[in-house]
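To start, the structure under review is shown below, and the notes come after it.
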Amino acid sequence: MSSSSPTAEQNSPAEPPAAKKRKLLAPTGGAPNANTPTTSPTNRNTQGNNNTDNGDDNRIYESGVEGIEVDVPKKPTVPSHSVSLSDAIAGSVGSTCAGGKSSTESDSTSSSSVVKKGSGQSGVFVSDSGECAVTDVRSEESNNSLELKEKISKGNILATTSASVSAVNANVNNSNSNGTKSNIGVVYGRNNQMAGGNPTGDPRSRGASDIDESLYSRQLYVLGHDAMRRMANSDILLSGIGGLGLEIAKNVILGGVKSITLHDKANCTIRDLASQFYLTESDVGRNRAQASCNQLAELNSYVRTTAYTGELTEEFMKQFRVIVLTASDDAEQRRIAKFAHDNAIALIIAETHGLFAKIFCDFGENFTIYDQDGAQPISTMIASITRDSQGVITCLDETRHGLNDGDYVTFSEVQGMTELNGCEPIKISVLGPYTFSIGDTSQFGEYISGGIATQVKMPKVVNFKSLQESEKEPEFLISDFAKFDHPISLHIAFAALHKYVEQVGQPPRPWNEEDAQIFLQMCKSVNADINDNVVLLFAKTCAGNTCPIDAAIGGFVAQEVLKACTGKFTPIYQWLYYDAIECIPTEGVEEADAQPVGSRYDAQIAIFGKNFQEKLGDARYFIVGAGAIGCELLKNFAMIGVGSGQGEIVITDMDLIEKSNLNRQFLFRPHDVQKPKAKTAANAIKKMNPNIKVTAYELRVGPETEKVFSEEFFGKLDGVANALDNVDARIYMDRKCVFNRLPLVESGTLGTMGNVQVIVPFLTESYSSSQDPPEKSIPICTLKNFPNAIEHTLQWARDMFEGVFTQSPENAAQYLSDANFIERIIKLQGIRPLEILESVKKALVDERSNNFLDCVKWARNHWEEHYANQIKQLLFNFPPDQITSSGQPFWSGPKRCPQPLVFDINDDLHFDYIYAAANLRAEMYGIEQVRDRQQIALLVNDITVPEFKPRSGVKIETNESAAAAAANNYDSSDVDQDRVNKILTELQALRESKTPLVVKPLEFEKDDDNNLHMDFIVAASNLRAANYKIPPADRHKSKLIAGKIIPAIATTTSLVSGLAVLEVMKLILGHKAMDKFKNAFANLALPFIAFSEPMPAAKNSYYGKEWTLWDRFEVAGELTLQEFLDYFDKKEKLQITMLSQGVSMLYSFFMPKAKCAERLPLPMTEVVRRVSRKRIDSHERSLVFEICCNDEDGEDVEVPYVRYTLP
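Those letters in the sequence shown? Residues 483 to 1689, by the numbering used here.
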């Protein structure tokens, strides 16, 4: 959802203090106005350029301008406001792309174009698409800079077409002692402004104060605002835009860096199409960086994206914060590695060859990690502190403290030993799950009570070794502990590959035994103890490439880039090697089968052979979900060729695209917002691989769509890949796959954490075989009366929203629209009928609002009731000095003594609640809202609130068991029937009065900043926090907790989807051995990645026959119930004691004889219809029965379910 700007009234100079929106809660704004004057930022490494070229004729191709020659003066003067990226270009080719058209797509040129040649002047070209191409080569005097700037300043009309003319004065300092001619230009596409603010005024520079939270909301919960701001000031150089480079670029751009420069000197070949999803056959022969630039730029209009095809000179590289190399030879790697280490520039070297990958990181000396794991700081409540040389802190019994040795903590709210409050972080030693020591406390005051210990994340400084030094004594991050000897073998193999290519001119030929043996001997000459099999497989497949490997490693590397920019999370130290040799066919591949055929899959055929490529093309797979993981799976499937032959990809998702999706669901663009996800994603991958057959549905998977996703539908599939966001849907799909005996690849992410689980029929357990522990719920009495954390107050506020604005009006709306509403409600058990009827009466009679003044009155009285009156009643029952029966203060430990609030219209927090609550109330009753805070303030001033006096006899539960019992132990006899009848009479009178009534329930929506939902939640929660002296939460944190947002980032999604598709490839290949499959667990923050074999399916037995969850009884219908029972008695020697279908009990040994006699002669389908009262749909091919049985000895036995095939 898009955010809206404050109204004119909100920003009015006459606005009184009471009407000012608190800055903390105000939604962040968008990009600055396009008319804002632009100035160029100063780059952190800006230096004079003294580069010289070799006299080559350097060309740039940009939208609308091509091949304009200009004379470059020998010693041009570089203005101080020139753009740093262009400043360093020497003899280079570059183009900046930000969502504009490519040169082949640009429309005809505008008649107003201004191009000046040969005089050192600047040229501006404006296409009729609203984009601006700027060519700018300065003479010594830069005479034309102001003239050009003025022309473009007058051309602000471009802003109306969303064309952002950024960095008008972009320079290219192309010093050449010989005065060589050069073709130079820079394209600045539309919306090339950074996320949110722009204090420098430069459209390419994001300010440190503003982040587009509507776009980055899910990522912000992973990285935080500080890390995002550091990232937004980072310039990245990425060299090598093959499949791996593209994946890295995609994830880094989605992340939101300041700029990325795509460097490549290679032209596209047909082999690149195996994994480079932004290249097409028409791009063959074009430079890979230039061909990919525009589409990459479209991913994030806040990131300046530039293509560069020149030499990587030292002057050029100095401007970057991070350099990533993916396709450089050994000499180039060493040259750049030394330069980067000497100049404190972070370096990442990444390579993928076949099914093997390598990552090397050097972030320089004294690299600071501000947060090693990204976990929320732990807080624990204190029960006691000893006063001695090793002060021991004991925490309350409710939860373990969760701290580790060496952690740092600080303290607050400690009574007595007040020296600890607000102290500098103290290093702790863990003594037990509830105790830790903090050192000498003997000089402190005596501890009395209370206190909270809070973990402090301390910066950690790491010194990285240079590439040259690290190669001698490499330190590996182990990715698979079952392959402990692989890293050292691959370390040698990757180094040997560079030498082999240098000597032979190409890598070893695919599956050529002679080349592989030569390569093996080359490696053995370095270390005779290497793993021969691993090195031989490396040699035979290293000429190939496959998209899933690039996707997985691209996600990992991109996260390392973000770490280098931000200091958030722990980097790889310093080598990571990975292989997926389990994907290779067990019998290997014949050399003839691995030869190229001139197709887009040639690089993949070099690994797996043509036969496997045909299997991929004929495969039929179902992707469930088109969100972040779904988009990545779809892209990977398209690239490897699933469904390109006789097969098909089917994808379904019922959701529409929202703006917050664009940060990680990379197949979608801003113009796709509110379009169906599945169809939009399907159309996007057809452009990547036109040969793919894909069918998209806008349907939820569940019982209601089984007419479409029927047994017949599943019977045509080869497998399923889940990309779901909730457990219920996962369990449903898991059961469908078990029933249809289909393989399932399950994956999920949570921030930097991700996992992949592969489910193989008749081999592994299913997803439902194990379950995560349930979420810990907040006790009722804690929520109602004794909160001690902001999570408690936020849940309380969310419950209030649901009760006041959703449930109560929904009940009222149903009463007004459904003539049978009362009849249905009266049949409910316990006190529920009275509660629902009370809510209806309150909404329609007692508290109905007829105008906006009524809404304001209700809001004001509601404020008084919850933040003053209820607290006064609580303190009346339990005074601040209350002592328990054990002699302890009642208000101690987790019970925080509250204080009532006094309403103050000049307190922004108080007024925010009234403003949001009154407007939500108005929306609920169909009354026009008033967004003028000053007007509402005037109305509030005229409202008189009744005086409250605490009442005796009010019961307040103080422990959870009593509160739960009180909530659940009502029965029908407790209901005041007279009260029910009275309410019904009043409601009937209201209906007969023909009074026009409108009641609209509000469905909570966290992502719409203009609907006031989060405004209400934040105000309600922080007011209650003020009652209990709990530190408040800002809007960002409140939205995370109250909205139950799952943090997400594109890097983890890329990694997980790549690993998932590798498992899909194994399944299509036909692997059956357990050790071929890998469940994956990763946390990119640590970093940590581990693989394990799937768990085997649990085995049961009866009469010595083993069975697992994949087995079942197959019974063909039609049979009567009696025949069904006899079938198992005679054939399986099992006596059925109970028979059920779904929730319907069809037969049991204790069933009344008359009912049993009635059902036994009936056909099974008729028994199902009568008992379940549901018809059997035409699409149903079978029924599932659960049976309980006794064996011949009368003992209970566990048996499989029954699949009853319909006639």
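C-beta: ideal position from N, C-alpha, C; glycine also.
Could you have a look at residue i and say whether DSSP puts it in helix, strand or coil?
i, result
"residue 1678", "strand"
"residue 1047", "helix"
"residue 920", "coil"
"residue 911", "strand"
"residue 1468", "helix"
"residue 648", "Because the pLDDT at residue 648 is just 32, under 50, the model does not fix this residue reliably, and the point stays unresolved."
"residue 1518", "helix"
"residue 1628", "strand"
"residue 1668", "strand"
"residue 1193", "helix"
"residue 1429", "coil"
Could you tell me the distance, in whole angstroms, from the CA atom of residue i to the CA atom of residue j?
i, j, result
"residue 1011", "residue 820", "30 Å"
"residue 1590", "residue 1063", "29 Å"
"residue 1159", "residue 1135", "6 Å"
"residue 1310", "residue 1303", "11 Å"
"residue 1114", "residue 808", "21 Å"
"residue 699", "residue 1003", "53 Å"
"residue 977", "residue 812", "8 Å"
"residue 1013", "residue 876", "52 Å"
"residue 1533", "residue 1036", "8 Å"
"residue 1209", "residue 1142", "22 Å"
"residue 915", "residue 1106", "42 Å"
"residue 1461", "residue 1319", "10 Å"
"residue 716", "residue 803", "6 Å"
"residue 1179", "residue 1662", "20 Å"
"residue 1085", "residue 1092", "11 Å"
"residue 1284", "residue 1276", "12 Å"
"residue 1393", "residue 1246", "58 Å"
"residue 1682", "residue 1214", "19 Å"
So, using beta-carbon positions, are residue i and residue j closer together than 7 Å?
i, j, result
"residue 1238", "residue 1542", "yes"
"residue 1301", "residue 1481", "no"
"residue 1618", "residue 1628", "no"
"residue 1349", "residue 1494", "no"
"residue 1345", "residue 1395", "yes"
"residue 998", "residue 992", "no"
"residue 1248", "residue 1216", "yes"
"residue 910", "residue 889", "yes"
"residue 1065", "residue 1620", "no"
"residue 749", "residue 725", "no"
With a threshold of 6 Å on Cβ separation, who are the neighbours of residue i within its own chain once the five nearest residues in sequence on each side are excluded?
i, result
"residue 872", "919"
"residue 1377", "1268"
"residue 829", "805, 819, 822, 844"
"residue 1040", "730, 733, 734, 1533"
"residue 1359", "1438"
Excluding the 5 residues flanking residue i on each side, which residues of the same chain have their C-beta closer than 8 Å to its C-beta?
i, result
"residue 1647", "1599, 1600, 1658, 1665, 1688"
"residue 744", "720, 723, 727, 731, 771, 774, 775, 778, 787, 788, 789, 790"
For residue i, count neighbouring Cβ atoms within 10 angstroms of its own Cβ and tell me buried if that reaches 16, exposed if not.
i, result
"residue 800", "buried"
"residue 967", "exposed"
"residue 963", "exposed"
"residue 1639", "exposed"
"residue 1244", "exposed"
"residue 1390", "buried"
"residue 654", "Any reading at residue 654 is ruled out, since the residue's pLDDT is 31, under 50, leaving its predicted position unreliable."
So, for residue i: in the same chain, excluding its five sequence neighbours on each side, which residues have a beta-carbon less than 7 Å away from its beta-carbon?
i, result
"residue 957", "1055, 1056, 1057"
"residue 1322", "1293, 1294, 1297, 1469"
"residue 866", "876, 929"
"residue 1402", "1287, 1484, 1494, 1498"
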